[in-house]
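Working notes, beginning with the structure itself.
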Amino acid sequence: MLEMFFGPRSVAVIGAAREPGKLGYGVLRNIQQHGYRGSIYPINPKAQEILGLRCYPSVLAVSHSIDLAVIVIPNRLVASVLDECGRKGVKGVIVISAGFREAGGDGIKMEKELTSIAKKYGMRMVGPNCLGIIDTVCDLNASFAAGMPDKGGIAFMSQSGALCSSILDWARAEGVGFSRFVSLGNKADVNEIDMLLAWDKDSHSKVIAAYLEGVVDGPRFMETARQVTRSTPVIAIKSGGTAAGSRAVSSHTGTLAGTDAAYDAAFAQCGIIRANSIEDLLDYSVAFARQPLLKSNRIAVVTNAGGPGIMATDACERSGMKLATLSRETVEFLRPNLPPSANVYNPIDVLGDALADRYALAVEAALGDPNVDGVLVILTPQVMTRAEETAEAVGQVSRKFKKPVLGGFMGEVTVRPAIGILRKYGIPNYLYPERAMAAFQAMHYYRQWLERPPQEYPRYNVDQAEVRRIFARTRGENRLSLGEVEAREVFGAYGLAIPQSRLTKTPEEAVLVAEGLGYPVVMKIASPDILHKSDIGAVKVGVADASGVRDAFELITYRATRYMPDADIWGVSVQQMVPKGREVIVGMSRDPQFGPLIMFGMGGIYVEVLKDVVFRVAPVSRQEAMEMVQQIHSFPLLKGVRGEKPADLAAITDAILRVSQLVADFPEIAELDINPLMVHERGAVAVDMRMVIT
2 MLEMFFGPRS VAVIGAAREP GKLGYGVLRN IQQHGYRGSI YPINPKAQEI
52 LGLRCYPSVL AVSHSIDLAV IVIPNRLVAS VLDECGRKGV KGVIVISAGF
102 REAGGDGIKM EKELTSIAKK YGMRMVGPNC LGIIDTVCDL NASFAAGMPD
152 KGGIAFMSQS GALCSSILDW ARAEGVGFSR FVSLGNKADV NEIDMLLAWD
202 KDSHSKVIAA YLEGVVDGPR FMETARQVTR STPVIAIKSG GTAAGSRAVS
252 SHTGTLAGTD AAYDAAFAQC GIIRANSIED LLDYSVAFAR QPLLKSNRIA
302 VVTNAGGPGI MATDACERSG MKLATLSRET VEFLRPNLPP SANVYNPIDV
352 LGDALADRYA LAVEAALGDP NVDGVLVILT PQVMTRAEET AEAVGQVSRK
402 FKKPVLGGFM GEVTVRPAIG ILRKYGIPNY LYPERAMAAF QAMHYYRQWL
452 ERPPQEYPRY NVDQAEVRRI FARTRGENRL SLGEVEAREV FGAYGLAIPQ
502 SRLTKTPEEA VLVAEGLGYP VVMKIASPDI LHKSDIGAVK VGVADASGVR
552 DAFELITYRA TRYMPDADIW GVSVQQMVPK GREVIVGMSR DPQFGPLIMF
602 GMGGIYVEVL KDVVFRVAPV SRQEAMEMVQ QIHSFPLLKG VRGEKPADLA
652 AITDAILRVS QLVADFPEIA ELDINPLMVH ERGAVAVDMR MVIT
């Protein structure tokens with residue numbers, strides 16, 4: 002897939018320039034000087050020859066076929082030459098030219114025209130407004146980046162061209178290699194999904210790294226990523242994560258679900274490793290590209306300094322990894338072969354005077370231990386230290402085992418040559434133990450993803466026709482917010498347990514209903530316009546007698562009409578009092594990119610204060626629903642503390658799955674909350690709920 006970009010037999014540069022310093026000159030020179038073996042056709046109607054290559058007035062004047070065209074001309078001229086490319090039969094184009102959608106105004110129209118032309122001729126287009134493409138497999142640098150990266154196992158894509166330039170410069174200094182390197186630009190045609198598919202099972206790419214500012218099609222992106230991550234690890238950083246959604250929201254879920262929550266959930270559900278910084282992105286990518294995959298989370302540390310060893314131990318525990326317990330055989334081997342003052346347990350401290358042979362002995366013992374899955378080798382430069390010899394010894398030992406070894410050679414001037422030797426053996430080096438442990442953690446996360454069993458998406462027997470009737474009736478009354486009475490009917494149709502309730506119009510009717518249900522009761526204002534009833538005091542809990550019912554009815558209706566005089570008041574709902582239990586919330590808001598975003602957390606009035614919630618994109622599998630329950634910080638409260646009986650976790654999972662099915666079945670649901678879902682030792686009851694449709 003996308004062979005026209007990765008391995009083209011011929012490339013045309015439209016806008017090739019004779020003058021050094023111009024973009025068209027730089028792109029042509031990059032293609033020519035880095036070993037590209039295909040045919041190169043400079044296109045410039047005002048030149049006969051550039052850089053020793055014959056020039057052509059247009060692609061139509063080239064007698065041979067052209068696989069790829071790189072366009073570097075003013076934006077207003079791009080559409081006409083793109084049409085020429087289509088007529089010529091060019092398979093792929095890279096539009097480096099800027100001034101399109103990113104510029105607004107006429108730029109948006111011009112970009113739409115480019116997309117239309119590319120579609121007309123069946124061409125694939127990268128850009129516009131991009132840096133270009135680099136492919137080290139076929140030695141093609143079709144970009145205006147300075148220099149060519151080393152060959153390596155990282156396939157990288159980015160929406161930011163400037164970031165591409167910076168990463169390439171860093172990579173050249175650090176000896177980090179890439180297989181493919183793509184600047185996506187405005188993504189008018191080729192996007193991140195196309196790149197994932199193109200690099201799936203690519204023998205030249207051991208890991209895919211991505212800088213994303215957004216995704217084009219959230220559900221399709223997730224579907225593709227689920228497929229690709231089963232064979233190739235994908236690491237991504239998403240910028241703009243702290244920006245709150247711009248649309249107005251009224252539910253707790255909508256308030257709490259920002260852009261970052263949606264991407265966290267989506268990445269978790271399709272096996273993408275999320276990096277929180279560019280440093281993380283590169284740290285993780287290098288580890289995956291150069292080392293075998295971690296089999297489990299047991300790590301051994303070999304160090305010549307106690308402090309960094311302790312730092313590594315702390316980082317190991319904080320990252321969810323485990324400091325490996327060395328086998329008795331390993332300890333008994335190390336004890337007589339290391340100095341008496343050395344620590345033969347984990348971390349293995351070989352002491353400050355350790356030379357290469359002592360390091361080699363300790364690292365080989367650790368790698369050979371069946372209780373160890375990976376080794377971090379820390380070295381601090383001291384008077385006796387032979388950093389380069391040690392790096393050589395560690396590298397040779399590492400090749401005897403199929404376990405990942407990461408370097409922690411700390412410092413700069415003294416250890417720089419040694420780091421180069423580690424690189425020769427494929428061992429990434431991290432200046433601080435925390436970064437190395439984070440890389441191990443990323444590898445362990447991916448291993449867990451690979452071992453994840455097939456997901457089960459249960460379907461319940463529900464009454465969809467009833468929900469359609471309720472929504473039609475609501476729209477027929479020119480409303481989008483469902484009152485609690487209607488919301489109860491919807492959730493009831495999907496099998497959630499609902500307390501008995503009746504809508505009453507007068508205090509006397511409320512008394513009759515309360516006596517029929519049995520005291521105590523709960524009373525709430527019934528209005529599609531009042532979603533947060535407790536905020537205005539329109540809820541009364543534990544009403545114990547007829548007098549209390551009458552008083553509550555009058556007070557609730559008074560407060561509702563006073564604080565929200567324009568609200569449509571239907572009456573007062575009298576509801577069966579649900580026994581006290583653990584209060585949780587199940588909600589949904591519709592993310593503009595990924596669709597229905599399910600929320601779970603501790604509920605009640607403190608949900609927006611504590612914000613102890615997790616998110617997943619619907620549809621949610623049974624395992625994902627169970628993980629949501631277990632991942633909140635307050636999970637121990639649900640399991641039961643200090644003699645409390647555990648809450649019914651299966652009932653919570655069931656409620657999440659039913660809500661997931663509901664919002665997947667009805668895309669018109671914009672947001673909803675069940676707060677609280679009262680969970681008991683057996684069963685869970687939806688006590689209060691709200692819903693908004695489109």
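Residue numbers (this note's numbering): 2 to 695. Think of the CB as a built atom: it goes at the ideal place given N, C-alpha and C, for glycine as much as any other residue.
Proximity of the stretch 218 to 236 to the stretch 36 to 43 falls short of the contact definition, fewer than three beta-carbon pairs being nearer than 8 Å. In the structure shown, PHE145 adopts coil according to DSSP, grouped into three states. GLN632 sits in a helix when the DSSP states are folded into three classes. ALA363 and GLU175 have their alpha carbons spaced roughly 28 Å apart.
Within the same chain, Cβ atoms closer than 7 Å to the Cβ of LEU504 are found at VAL486, ALA527, TRP571, GLY572 and SER574, the five residues on either side in sequence being excluded. Separation of ARG291 and CYS271 (C-alpha to C-alpha, rounded to the nearest whole angstrom) is 23 Å.
In the three-state scheme derived from DSSP, where H, G and I count as helix and E and B as strand, VAL177 is classed as coil. ALA619 and ALA656 do not touch by the CB rule: their CB atoms are close to 13 Å apart, not below 8 Å. The alpha-carbon of LEU377 is positioned some 5 Å away from that of LEU407. In the structure shown, the three-state DSSP call for GLN577 is strand.
Residue pairing by DSSP puts ILE300 in a beta bridge opposite LEU324 and GLY375.
MET5: not part of any beta strand (DSSP E); DSSP gives it neither H nor E.
Looking at the DSSP output, ARG617 sits in a beta bridge with ILE599. Looking at the DSSP output, VAL208 sits in a beta bridge with ILE155. Scanning VAL138, LEU380, PHE554 and VAL514 for the CA closest to the CA of GLY538 turns up PHE554. Cβ atoms of ASP350 and ALA357 stay farther apart than 8 Å, at about 16 Å.
Under a 10 Å Cβ-count criterion, PHE636 is classified as exposed, with fewer than 16 other Cβ atoms of the shown protein chains found around its own Cβ.
Less than 7 Å separates the beta-carbon of ASP284 from that of ARG436. Boundaries of the alpha helix (DSSP H) harbouring LEU283: 279 to 291, taken from the DSSP string.
Listed in chain order, the non-local C-beta contacts of GLU112 below 7 Å within the same chain comprise PHE101, ARG102, PRO129, ASN187 and ALA189, local neighbours out to five positions each way being set aside. Taken in chain order, the complete beta strand (DSSP E) segments of 3 residues or longer contained in the stretch 513 to 548 are 522 to 527 and 540 to 544.
Straight-line measurement puts the Cα of ASN45 at about 49 Å from the Cα of VAL414. Counting along the chain, ILE653 sits inside no beta strand (DSSP E); it lies in the alpha helix (DSSP H) bounded by residues 650 to 666.
Linking TYR559 to LYS525 through their CA atoms gives a straight-line distance of about 12 Å. Per the Cβ contact rule, the stretch 78 to 97 is in contact with the stretch 116 to 134 (3 or more Cβ pairs under 8 Å). Rounded to whole angstroms, ASP107 and ASN76 show a C-alpha spacing of 10 Å. Ranked by how close their Cα comes to the Cα of ALA515, the residues GLY549, GLU628, SER535 and ALA494 have GLY549 in first place.
For ASP261, the uninterrupted alpha helix (DSSP H) segment begins and ends at 260 to 270.
The beta carbon of GLY596 is closer than 8 Å to those of GLY219, PRO220, VAL618, ALA619 and PRO668 in its chain, skipping five residues each way along the sequence. LEU362 sits in a helix when the DSSP states are folded into three classes. Excluding residues up to 5 positions away in sequence, GLY602, MET603, ILE633, HIS634 and SER635 lie with their Cβ nearer than 8 Å to the Cβ of ASP613 in the same chain. Assignment of LEU678 by DSSP, reduced to helix, strand and coil, places it in the strand class.
With contacts defined as CB atoms closer than 7 Å, PRO508 and ARG551 qualify as a contacting pair. If you check the CB distance, VAL14 and PRO43 come in under 7 Å. Bounds of the beta strand (DSSP E) holding LYS239 are 235 to 239. Counted as a single uninterrupted DSSP element, the alpha helix (DSSP H) harbouring PHE334 occupies residues 329 to 338.
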